[in-house]
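Notes follow the structure.
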Amino acid sequence: MDVTQARELYSAYYEGTIERVSALALDEAMKADPEIREDYASFAMVMDTLPTLAEETISTPHDLH
Amino acid sequence: MTQAADDAVLISQAQAGDRAAFDVLVGRYEARAYQYAFRLTRNPEIASDIVSDAFLRVYTALNNFRGQSAFGTWLYRIITNCYLDFKKRDKSARNTSLDAGIRGEEGEIERQFEDPSDGPEVLAERNAREGAVQGALAQMPEQQQAMLVMFHVEMRSYEEIAQVLDVPLGTVKSRLNRARLALRDLLGNQKELFFTG
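Quick mapping for you: the protein sequence lines, in order, are chains Z and S. In case it helps, this note's numbering puts the first sequence at residues -8 to 56. In case it helps, this note's numbering puts the second sequence at residues 200 to 396.
Structure, rendered in structure tokens:
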């Protein structure tokens, strides 16, 4: 598996919805290839940050109409 | 009565010409609509314009709404389209700062995401990281940006996003994956904020 193929699986892997066979294949690819391992790590770091954006409180203007 | 059932009653009344019912419907959804529009545009005036435009479209097209999706989902689609139309009209170059704040009454202010249990260094690092993500989002193609905001910020499901964009579920999943990778690549020049490798 090369990094391009691996990237197709990142979201499902991160969310835990990936099929077992694909998960095992990605696990093996990450063990064997540091580029894929680091590539996924940077993807996961961004995914970890995104939910915090939802914590932002946005006030509706009084004069919205 | 569930909200969906209540919405259906209001929509039916509004479709029959009841303006008060339409106003109640608007009041029920306008905060959420503004929140979504603001998260896309990061500009309160533009967000307000988009919301106004969206509800005008809702009013005009309401008789065509048959309840195949939830009203909120339909509204998200309209707001997204209003936003995409705005981006098409607005071809002027923008200076996008990776420390983009919002324009409030007191000028630019830095967005703060405060958790009282975090120390100042943790807060500063998190604010920097979130500011970088906001700045990167603003640089992305509108469709990708809208999908990321809908999923990660507005907490819409894959299924709802598929309904909003009127594309298959599998397409949403693959496009969101590509959008996340694109966001990651945009943040690549700020490795010190994100990447431990």
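The beta carbon of each residue, even a glycine, is placed where N, CA and C say it ideally should be. The model shown is predicted, which means the values in this text are computed figures rather than measured ones.
If we define contact as Cβ-Cβ less than 8 Å, is residue i a contact residue for chain S?
{"i": "residue 11/Z", "result": "no"}
{"i": "residue 45/Z", "result": "yes"}
{"i": "residue -6/Z", "result": "no"}
{"i": "residue 140/Z", "result": "Residue 140/Z lies beyond the residue range present for chain Z, which begins at -8 and ends at 56; the question has no answer from this structure."}
{"i": "residue 41/Z", "result": "yes"}
{"i": "residue 1/Z", "result": "yes"}
{"i": "residue 17/Z", "result": "no"}
Taking residue i and residue j to be in contact with their CB atoms under 8 Å, please state how far apart those CB atoms are, rounded to whole angstroms.
{"i": "residue 55/Z", "j": "residue 250/S", "result": "6 Å"}
{"i": "residue -2/Z", "j": "residue 382/S", "result": "About 13 Å; that fails the 8 Å criterion."}
{"i": "residue -6/Z", "j": "residue 39/Z", "result": "In fact, because the Cβ distance is near 20 Å, the residues do not count as touching under 8 Å."}
{"i": "residue 272/S", "j": "residue 362/S", "result": "5 Å"}
{"i": "residue 351/S", "j": "residue 45/Z", "result": "7 Å"}
{"i": "residue 49/Z", "j": "residue 267/S", "result": "Their Cβ separation, rounded to whole angstroms, is 29 Å, which puts residue 49/Z and residue 267/S out of contact at 8 Å."}
Measure from the alpha carbon of residue i to the alpha carbon of each residue in the options, then state which is nearest.
{"i": "residue 324/S", "options": "235/S, 389/S, 211/S", "result": "389/S"}
{"i": "residue 322/S", "options": "43/Z, 19/Z, 36/Z", "result": "43/Z"}
{"i": "residue 254/S", "options": "281/S, 263/S, 200/S", "result": "281/S"}
{"i": "residue 279/S", "options": "238/S, 373/S, 212/S, 263/S", "result": "238/S"}
{"i": "residue 41/Z", "options": "266/S, 360/S, 326/S, 368/S", "result": "326/S"}
{"i": "residue 216/S", "options": "258/S, 349/S, 355/S, 328/S", "result": "258/S"}
{"i": "residue 47/Z", "options": "329/S, 378/S, 256/S, 248/S", "result": "329/S"}
Are the CB atoms of residue i and residue j nearer to each other than 8 Å?
{"i": "residue 210/S", "j": "residue 261/S", "result": "yes"}
{"i": "residue 244/S", "j": "residue 51/Z", "result": "no"}
{"i": "residue 269/S", "j": "residue 335/S", "result": "no"}
{"i": "residue 240/S", "j": "residue 246/S", "result": "yes"}
{"i": "residue 386/S", "j": "residue 332/S", "result": "yes"}
{"i": "residue 21/Z", "j": "residue 11/Z", "result": "no"}
Suppose you measure from the CA of residue i to the CA of residue j; what does that come to, to the nearest Å?
{"i": "residue 4/Z", "j": "residue 220/S", "result": "45 Å"}
{"i": "residue 341/S", "j": "residue 365/S", "result": "16 Å"}
{"i": "residue 295/S", "j": "residue 338/S", "result": "Note that residue 295/S scores 47 on pLDDT, short of 50, meaning its location in the model is unreliable and no value can be drawn from it."}
{"i": "residue 345/S", "j": "residue 19/Z", "result": "34 Å"}
{"i": "residue 9/Z", "j": "residue 53/Z", "result": "45 Å"}
{"i": "residue 384/S", "j": "residue 372/S", "result": "18 Å"}
{"i": "residue 226/S", "j": "residue 206/S", "result": "12 Å"}
{"i": "residue 36/Z", "j": "residue 6/Z", "result": "13 Å"}
{"i": "residue 17/Z", "j": "residue 25/Z", "result": "12 Å"}
{"i": "residue 34/Z", "j": "residue 1/Z", "result": "8 Å"}
{"i": "residue 357/S", "j": "residue 320/S", "result": "35 Å"}
{"i": "residue 284/S", "j": "residue 367/S", "result": "22 Å"}
{"i": "residue 23/Z", "j": "residue 369/S", "result": "29 Å"}
{"i": "residue 263/S", "j": "residue 213/S", "result": "12 Å"}
{"i": "residue -4/Z", "j": "residue 359/S", "result": "27 Å"}
Any beta carbon of chain Z sitting closer than 8 Å to that of residue i?
{"i": "residue 257/S", "result": "no"}
{"i": "residue 367/S", "result": "no"}
{"i": "residue 302/S", "result": "Residue placement at residue 302/S is poorly supported in this model, since its pLDDT is 40, which falls under 50; the coordinates still yield a value, given next. No, residue 302/S does not count as interfacial toward chain Z."}
{"i": "residue 247/S", "result": "yes"}
{"i": "residue 230/S", "result": "yes"}
{"i": "residue 234/S", "result": "yes"}
{"i": "residue 306/S", "result": "Caution applies to residue 306/S, whose pLDDT of 35 falls short of 50 and renders its modelled position unreliable; the value that the coordinates give is listed next. No, its Cβ sits nowhere closer than 8 Å to a Cβ of chain Z."}
{"i": "residue 237/S", "result": "yes"}
{"i": "residue 376/S", "result": "yes"}
{"i": "residue 358/S", "result": "no"}
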